Ligand SMILES: NC(=O)c1ccc[n+]([C@@H]2O[C@H](COP(=O)([O-])OP(=O)(O)OC[C@H]3O[C@@H](n4cnc5c(N)ncnc54)[C@H](OP(=O)(O)O)[C@@H]3O)[C@@H](O)[C@H]2O)c1
């Protein structure tokens, strides 16, 4: 089989396409022919050598494909099933614990930039009916994050106002889940063409966060001064104050992303005096993914895919991702 290994010290020039023997499934494992992978910011950090990794690690946390063979004791899947990976293979449901957050593919063990993988059967769920492998691969990290932010922690309900920041993949999924839940969506972007696309995806109101620096106040105005019920906070230090300004009293901020950095100064009184609830989000559990897939099927949702590249062009795919010109998921076909 062909696969990609990331050599130390990282960098796009150190993504090596190699050939190795195809693994065989042990007890409790499945052999999956991976057909597609998706790229995420955390993969990009790893590939750039910005986060520690083991020399020779197979990158990418998100993969989808077809079950080829079962190890002893696997009865939940069968050969031919279309499956998609889960981000935390040991976080099956309920609250995350130190034990269930261990072992992330592409990080603590080999990931999905590979034609075949052998993993425990619970490292996959079935893919949504009618999805291509590329569409399925887009769900693992950013889809489940948006789902947990809005539905599991946010408990979004019809009539809620949801603010999504920028047109990244988490925000696009959050927009779609919010509309499916009957919420009203305010979306922001730095790019006028992307704002038009956000409208076509169902955004009820749009704001250019570059030309409207106090976009938090603007979002509040768009709710007749009440403030939004949920913010999907993907920006971090440069956006958090505006997200707080946009929130209603008792509103919910899902703290998700670090697009503008890792450390922020926060007005603590602005949070407690407005009784704002903050949820720290780290993707979600296997049960969250299964629930999301049921919602995707009953609402006939399709993810936004920007482009996909062949496996051997993984470095070009990351270079494209790093331009931040994408709208939707950047994927690989394997
Ligand atoms: N905690 C978790 O579980 C979790 C899971 C997944 C991702 N994340 C994090 O969430 C963030 C978003 O991930 P993603 O996959 O959606 O990223 P992505 O698809 O790469 O998003 C890139 C987009 O982010 C937008 N952006 C950049 N700077 C911005 C700013 N100052 N304000 C608002 N939007 C801005 C831009 O949108 P425009 O071009 O429209 O301006 C850009 O195109 C990343 O930091 C990622 O690491 C966290």
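Residue numbers (our numbering): 35 to 368. Glycine is no exception: its CB is placed at the ideal position from the N, C-alpha and C atoms. Quantities reported herein were computed from a predicted structural model and do not represent experimental measurements.
Cα atoms of residue 236 and residue 41: separation of roughly 42 Å, rounded to the nearest angstrom. Of 295, 163, 206, the smallest CA-CA separation from residue 334 is found for 163.
Spanning the alpha carbons of residue 241 and residue 286 requires a straight line of approximately 20 Å.
Comparing alpha carbon positions, the residue from 51, 367, 319, 359 closest to residue 138 is 319. For the pair residue 134 and residue 195, the CB atoms are not nearer than the 9 Å cut-off.
In this structure, DSSP gives residue 198 an extended state, which the three-state scheme calls strand. The closest heavy atom of ligand 1 lies less than 8 Å from the beta carbon of residue 272. Taking 8 Å as the cut-off, the C-beta of residue 201 counts as close to a heavy atom of ligand 1.
The residue from 65, 131, 185 with its alpha-carbon nearest to that of residue 326 is 185. Counting along the chain, the unbroken alpha helix (DSSP H) around residue 81 starts and ends at 75-81. Between the stretch 291-310 and the stretch 254-272, the count of Cβ pairs shorter than 8 Å is three or higher; the stretches touch.
Taken through DSSP and simplified to helix, strand or coil, residue 264 comes out as strand.
Judged by their CB atoms, residue 352 and residue 73 are nearer to each other than the 9 Å cut-off.
Around the beta-carbon of residue 234, fewer than 16 other beta-carbon atoms lie within 10 Å, marking it exposed.
With a cutoff of 9 Å on beta-carbon distance, residue 146 and residue 203 are scored as not near each other.
Counting along the chain, residue 178 sits inside the alpha helix (DSSP H) bounded by residues 178-181. Here residue 110 is near residue 155, since their CB atoms are less than 9 Å apart. With contact defined as three or more Cβ pairs closer than 8 Å, the stretch 172-192 and the stretch 112-123 are in contact.
In this structure, residue 67 keeps its C-beta atom at 9 Å or more from the C-beta atom of residue 53. Residue environment analysis places residue 363 among the buried positions, since at least 16 neighbouring C-beta atoms fall within 10 angstroms of its C-beta.
Exclusion of the five residues before and after residue 69 leaves 99, 167, 368 as the residues of its chain whose Cβ lies within less than 6 Å of its Cβ. Around the CB of residue 208, 16 or more other CB atoms lie within 10 Å, so the residue is classed as buried. The criterion of a C-beta distance shorter than 9 Å is satisfied by residue 238 and residue 218. For residue 92, the CB contacts under 8 Å within the same chain, skipping 5 residues up- and downstream, are 37, 38, 39, 40, 140, 144, 145, 146, 147, 148 in chain order. Residue 284 and residue 304 have their C-alpha atoms some 11 Å from each other. Relative to ligand 1, the nearest heavy atom lies less than 8 Å away from the CB of residue 317.
Around the beta carbon of residue 192, a 10 Å sphere encloses fewer than 16 other beta carbons of the protein chains shown; the residue is thus reported as exposed. Nearest to residue 246 by alpha-carbon distance, out of 223, 90, 230, 260, is 223. Counting C-beta atoms within 10 angstroms of its own C-beta, residue 322 has 16 or more neighbours from the protein chains shown and is therefore classed as buried.
Residue 71 is bridged by DSSP to 97, 366. If you look at residue 250, you'll find it in the alpha helix (DSSP H) that goes 249-255.
Cβ contact annotation for residue 45 (same chain, cutoff 8 Å, sequence separation greater than five): 81, 82, 83, in chain order. Taking residue 187 as the centre and dropping the five residues before and after it, the same chain places the C-beta of 286, 288, 313, 315 closer than 8 Å to its C-beta, in chain order. Remark: the C-beta of residue 228 is in contact range of ligand 1, defined as less than 8 Å to any heavy atom. Rounded to the nearest whole angstrom, the CA to CA distance from residue 55 to residue 43 is 25 Å.
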